[in-house]
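A.B. asks: Read in my numbering, the sequence shown has 66 at position 61, and its numbers run on one by one without any break.
In this text, a Cβ means the ideal position worked out from N, Cα and C, and glycines have one as well.
Since we're looking at a predicted model, the values are computed, not measured.
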Amino acid sequence: MRLGLSNLLWTAELDPAAAGLLARHDIDSIDVAPTRYENDIVAAAPSRWRDVRRWWAERGIAITGMQSLLHGTEGLDIFGDAPVRERTTAHLRANLRIAVELGATQLVFGSWRNRLRRGLDPARALERAADFFGPLGEEAAALGVCLGIEPISERYGNDFLVDHDEAAALVERVASRGFGLVFDVGCAALAAEDVAAVARRHAPLVRHVQIAEFELAPLDGANAIHAVAGPALRAAFPGRVACVEALAPPDMSPLEAITRSIAVVTEHYR
Numbered sequence: 006m007r008l009g010l011s012n013l014l015w016t017a018e019l020d021p022a023a024a025g026l027l028a029r030h031d032i033d034s035i036d037v038a039p040t041r042y043e044n045d046i047v048a049a050a051p052s053r054w055r056d057v058r059r060w061w062a063e064r065g066i067a068i069t070g071m072q073s074l075l076h077g078t079e080g081l082d083i084f085g086d087a088p089v090r091e092r093t094t095a096h097l098r099a100n101l102r103i104a105v106e107l108g109a110t111q112l113v114f115g116s117w118r119n120r121l122r123r124g125l126d127p128a129r130a131l132e133r134a135a136d137f138f139g140p141l142g143e144e145a146a147a148l149g150v151c152l153g154i155e156p157i158s159e160r161y162g163n164d165f166l167v168d169h170d171e172a173a174a175l176v177e178r179v180a181s182r183g184f185g186l187v188f189d190v191g192c193a194a195l196a197a198e199d200v201a202a203v204a205r206r207h208a209p210l211v212r213h214v215q216i217a218e219f220e221l222a223p224l225d226g227a228n229a230i231h232a233v234a235g236p237a238l239r240a241a242f243p244g245r246v247a248c249v250e251a252l253a254p255p256d257m258s259p260l261e262a263i264t265r266s267i268a269v270v271t272e273h274y275r
């Protein structure tokens, strides 16, 4: 597989050092959280994102994905009342345009706090979510990008699309080439899913692959999931980008977290 890392692992000031580490290990892809560069991503000029894209491209690294789409926002919710849904849609539409400028073809929608059912019947929630994401998928397709839905485990407090089967049901219901499934190793582990079986079952719907651990800890080679997931993902998604999504904990420097995660991902997923 082609490997990538999310820049959630480091701050923008560490981009040069991170780029050096990636190049040293022949990793030529990253996912970008735009708020690593601008607090108000909507207000930033398109040229700002083109500059970010150019900076990484000059170092041989492509921005292939985009994450943390609702980070730093307040009051957005896909199940809110009409004005709330409209604001949420507007912000996600802005993210689609930013992705185009960055060159990122895959956007990851996780944001479990912004998609809680709060007592809404599961079937009704699926219907309303499809109505919400359908137009966004069509707009994404027109722009040449894909908005992906990430399953997130109940362990975090989530109650909607908690495993890959549930998330895949939404993708099938939306039925847009601009809306796809994010396959997440961490979610598969927390949901006790058979990684190989789930990857095979939903491979046609998967547009982005993430490698993560609980609470986005840096990858740990002692975690048995990686020895299982590596062969499964290589078989299901040959040649695809698999991106590490992690955060550096308070007791570990970002560069150490990058180095540790690279060691695990190159051993098991390349």
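1. Could you tell me the boundaries of the alpha helix (DSSP H) in which ALA17 lies?
2. According to DSSP, is THR271 helix, strand or coil?
3. Run the CB neighbour count on SER52, radius 10 Å, all protein chains shown included, and call it buried at 16 or more, exposed below.
4. Have a look at VAL190 and ALA268 and give me their C-alpha separation to the nearest angstrom.
5. Could you spell out the range, first to last residue, of the beta strand (DSSP E) harbouring ILE68?
6. From the DSSP output, in three-state form, read off ASP189 for me.
7. Give the list of continuous alpha helix (DSSP H) stretches no shorter than 4 residues that lie fully inside the segment 199-231.
8. Would VAL200 pass as a contact of ALA237 if the rule is Cβ separation under 7 Å?
9. Kindly indicate the opening and closing residues of the beta strand (DSSP E) around ALA247.
10. By the DSSP assignment, the alpha helix (DSSP H) with PHE5 in it spans what residues?
11. May I ask you to list the residues that DSSP assigns as paired with ASP56?
12. If I measure Cβ to Cβ from ALA145 and keep anything under 8 Å in the same chain, skipping five residues before and after, which residues do I get?
13. In three-state terms, what does DSSP make of ASP36?
14. What does DSSP give as the partner residue(s) for PHE184 in the beta ladder?
C.D. replies: On the basis of the data shown:
1. Along the sequence shown, read from residue 1 onward, the residue named residue 17 stands at position 12. Where ALA17 is concerned, there is no enclosing alpha helix (DSSP H), given that its DSSP letter is neither H nor E.
2. Working through the sequence shown from its first residue, we reach residue 271 at position 266. Correct three-state label for THR271: helix.
3. Here the question's residue 52 lines up with position 47 in the sequence shown. Result: exposed.
4. Locating residue 190 in the sequence shown gives position 185, counting from the first residue. Locating residue 268 in the sequence shown gives position 263, counting from the first residue. Taking the straight line joining both Cα atoms gives about 17 Å.
5. Within the sequence shown, numbered from 1, the residue matching residue 68 stands at position 63. 67-71 is the extent of the beta strand (DSSP E) around ILE68.
6. Position 184 of the sequence shown, counting from 1, holds the residue named residue 189. ASP189 falls in the strand class under three-state DSSP.
7. 200-207
8. Position 195 of the sequence shown, counted from the first residue, corresponds to residue 200. Position 232 of the sequence shown, counted from the first residue, corresponds to residue 237. The answer is yes: Cβ separation under 7 Å.
9. Here residue 247 refers to the residue found at position 242 of the sequence shown. Residues 246-249.
10. Because residue 5 is not part of the residues shown, which for the chain are 6 to 275, the question remains open.
11. Numbered from its first residue, the sequence shown carries residue 56 at position 51. None, per the DSSP bridge assignment.
12. Counted from its first residue, the sequence shown places residue 145 at position 140. So the list reads LEU101, LEU112, CYS151, LEU152, SER181, GLY183, PHE184, once near-sequence residues are dropped.
13. Here residue 36 refers to the residue found at position 31 of the sequence shown. Correct three-state label for ASP36: strand.
14. As a working mapping, residue 184 is identified with position 179 in the sequence shown. Answer is LEU152.
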